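Before any comments, here is the structure.
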Amino acid sequence: MASLWRYLLAGLGLAALLVGILAIVYVTAPRSSQPAGPDVSRTKNTDNGLFVASFAPERGVVRQGELESWLLTLKTKAGAPVEGAAIAISGGMPQHNHGLPTSPQATDYLGDGRYRIEGVKFTMSGWWQLHFAISATAGSDTVLFNVVL
């Protein structure tokens with residue numbers, strides 16, 4: 001009987017040692033350097049820091065396959081609305097290496113730094129990019145928004 005207990009204790013000790021080794025390997029293993037995915041922030045500073053831009057669907061929801069209007073809101077770093085901006089839009093699907101299926105345009109200034117962008121259409125699910133080139137009194141700057149459907 002004493003011999004059985006020795007084997008049982010030895011087995012438990014060996015199991016505890018293996019669990020300890022596995023825990024050390026897990027804790028010290030290098031982490032993957034792959035990014036989690038594209039930055040899908042809806043508000044960000046423009047590339048040169050002249051403006052703070054926000055981009056959102058006018059109806060509040062992104063709809064695949066439908067022609068949509070989005071709102072681009074531009075503020076100065078101090079929070080003042082950017083008025084009279086000229087905005088050029090381009091973009092596409094970087095993983096599929098193709099552009100947008102439409103030619104979105106800034107069609108209306110709605111006040112308080114808000115511009116209506118019409119003609120946005122996402123024809124398939126995946127990662128889309130919209131690039132805005134902005135020219136205003138403060139200068140010219142760009143901003144890139146990622147949309148994942």
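Numbering (UniProt numbering), first residue to last: 1 to 149.
For every residue, glycine included, the Cβ atom is placed at its ideal position computed from N, Cα and C.
All values reported here derive from a predicted model rather than from experimental measurement.
Annotation note: the UniProt domain "YtkA-like" (64 to 131) contains the following uninterrupted beta strand (DSSP E) runs of length 3 or greater, listed N- to C-terminal: 68 to 76, 86 to 93, 105 to 111 and 114 to 120. Only residues of its own chain outside the window of five on either side were considered, and among them Ala133 have a CB closer than 6 Å to the CB of Ala88, listed in chain order.
With a cutoff of 8 Å on beta-carbon distance, Leu72 and Tyr26 are scored as not near each other. Scanning Gly37, Phe51 and Ser3 for the CA closest to the CA of Asp141 turns up Phe51. The beta carbon of Gly92 sits closer than 6 Å to those of His98, Gly99 and Leu100, all from its chain and outside the five residues before and after it, given in chain order.
For Gly37, there is no enclosing beta strand (DSSP E), as DSSP marks it with neither H nor E. Residue pairing for Asn146: DSSP places it in a beta bridge opposite Gln129.
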